[in-house]
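Residue numbers for the sequence shown follow the numbering used here, so the first one is 39 and each next one is one higher.
Ideal Cβ positions, reconstructed from N, Cα and C, are used throughout, including at glycine.
Worksheet: one structure, shown below.
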Amino acid sequence: MADHSGIEWTEATWNPTTGCDRISAGCDHCYALTLARRLKAMGSAKYQNDGDPRTSGPGFGVTVHADVLAVPRRWREPRLIFVNSMSDLFHARVPVDFIRAVFEVMADTPQHTYQVLTKRSRRLAQLAGGLEWPSNVWMGVTVEDAAAVHRVDDLVQVPAAVRFLSCEPLLGPIPGLDLTGVHWVIAGGESGPRHRPVEQAWVGGLRDACQDARTPFFFKQWGGSTPKAAGRLLDGRTWDEMPRAHAPVA
Numbered sequence: 039m040a041d042h043s044g045i046e047w048t049e050a051t052w053n054p055t056t057g058c059d060r061i062s063a064g065c066d067h068c069y070a071l072t073l074a075r076r077l078k079a080m081g082s083a084k085y086q087n088d089g090d091p092r093t094s095g096p097g098f099g100v101t102v103h104a105d106v107l108a109v110p111r112r113w114r115e116p117r118l119i120f121v122n123s124m125s126d127l128f129h130a131r132v133p134v135d136f137i138r139a140v141f142e143v144m145a146d147t148p149q150h151t152y153q154v155l156t157k158r159s160r161r162l163a164q165l166a167g168g169l170e171w172p173s174n175v176w177m178g179v180t181v182e183d184a185a186a187v188h189r190v191d192d193l194v195q196v197p198a199a200v201r202f203l204s205c206e207p208l209l210g211p212i213p214g215l216d217l218t219g220v221h222w223v224i225a226g227g228e229s230g231p232r233h234r235p236v237e238q239a240w241v242g243g244l245r246d247a248c249q250d251a252r253t254p255f256f257f258k259q260w261g262g263s264t265p266k267a268a269g270r271l272l273d274g275r276t277w278d279e280m281p282r283a284h285a286p287v288a
């Protein structure tokens, strides 16, 4: 939980669930898995549940935290909130009733705008019809390369006010990306000691597709050994475009 986030495209984070399992190439060097291991060693109560060692790790077992559901209700000033920076709300081990409880909190706090991001697009599409979608909930899927484009097909079925793609870590070109029904695209390179380099042509291709579709484009970082190692300029400028439903993040 963080009232102030270092993530460039949000303002705060809220983790009603923690833990996850790796399911695709974008998960290979998961920052949250590494952080969960450290938090477990530090004795953090939320990160004592271990996950399957084949796909997860120490402190990263999927765990729901009903005790933090009320946190956004205590934040009076409007915030742009990234939901589950340390998990995936649509993981199979998150009960449907708990997902509904998260959505109820979001609906009851219209002063905030919530950004929900998942790689489990199939479950998202299956459950979407049974959820209430208030106008302050943005729904996104991760699309790290061309192999993950199928998630977009699931996303556009969802009646969210804003539907977005997170192409981070961007691991390859995504040619011919259809942005019909998509309202925002985030892109970024991977960071960390084992980061996989991103090519400028991949990022430029996404930016150009967004411009053709008149879809806002946000370039978060080139990545490297640290998130800020190579900066975030593309063609000599920053790209901080946001959906019309929200002003630019300060």
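Please tell me whether residue i and residue j are closer than 8 Å, where the distance is taken between their beta carbons.
| i | j | result |
| --- | --- | --- |
| R161 | F128 | yes |
| V132 | W52 | no |
| V190 | V220 | yes |
| P265 | W240 | no |
| E182 | L209 | yes |
| L107 | V143 | yes |
| P96 | K78 | yes |
| C205 | L244 | yes |
| A145 | V196 | no |
| P235 | V140 | no |
Can you list, in chain order, the residues of its chain with a C-beta nearer than 8 Å to that of residue i? Leave out the 5 residues immediately preceding and following it.
| i | result |
| --- | --- |
| H233 | H67, P207, G227, G261, G262, S263 |
| I137 | L127, F128, L165, L169 |
| Q249 | F255 |
Can you tell which of the options has the C-alpha that lies nearest to the C-alpha of residue i?
| i | options | result |
| --- | --- | --- |
| S94 | G178, M80, D126 | D126 |
| N87 | C58, V109, R111 | C58 |
| V200 | G178, A83, A268 | G178 |
| C65 | T180, T253, A163, V236 | T180 |
| G230 | Q149, S173, S43, L71 | L71 |
| W113 | H188, Q149, R270 | Q149 |
| L215 | P54, H188, A63 | H188 |
| V194 | W222, P213, A185 | W222 |
| R158 | G274, S173, A186, Y152 | A186 |
| Q238 | R252, A268, Q249 | A268 |
| A247 | P213, R60, R270 | P213 |
| R252 | P110, R282, A130, T276 | R282 |
In the DSSP output, what is residue i paired with across the bridge?
| i | result |
| --- | --- |
| G48 | Residue 48 is actually Thr in this sequence, not Gly. For T48, which the question treats as bridged, DSSP gives no partner whatsoever. |
| L155 | G178 |
| R245 | For R245, which the question treats as bridged, DSSP gives no partner whatsoever. |
Span of the beta strand (DSSP E) holding residue i?
| i | result |
| --- | --- |
| R201 | 200–205 |
| A225 | 222–226 |
Mind checking which residues open and close the alpha helix (DSSP H) that includes residue i?
| i | result |
| --- | --- |
| I137 | 134–146 |
| W260 | Note, W260: premise wrong, no alpha helix (DSSP H); not H, not E. |
| V236 | From DSSP, V236 is part of no alpha helix (DSSP H); its letter is neither H nor E. |
| A130 | No alpha helix (DSSP H) contains A130, which DSSP labels as neither H nor E. |
| E166 | In the sequence as presented, Glu is not what sits at residue 166; that position holds Ala. That run of the alpha helix (DSSP H) goes 159–166. |
| L118 | Premise fails: L118 lies in the beta strand (DSSP E), 118–121, not in any alpha helix (DSSP H). |
| A79 | 69–79 |
| L193 | 188–193 |
| R112 | 109–112 |
Tell me which residues share the same chain as residue i and place their Cβ nearer than 7 Å to its Cβ, disregarding the 5 neighbours each side in the sequence.
| i | result |
| --- | --- |
| A288 | The predicted model places A288 with a pLDDT of 37, which falls under 50 and marks its position as unreliable, so this point remains unresolved. |
| W47 | I224, F256, K258, V287 |
| A198 | W171, V175, W176, M177 |
| S43 | E49, A50, T51, F120 |
Excluding the 5 residues flanking residue i on each side, which residues of the same chain have their C-beta closer than 6 Å to its C-beta?
| i | result |
| --- | --- |
| T56 | K84, T101, M124, S125 |
| F98 | G57, L71, A74, G89 |
| R117 | E49, A50, H150 |
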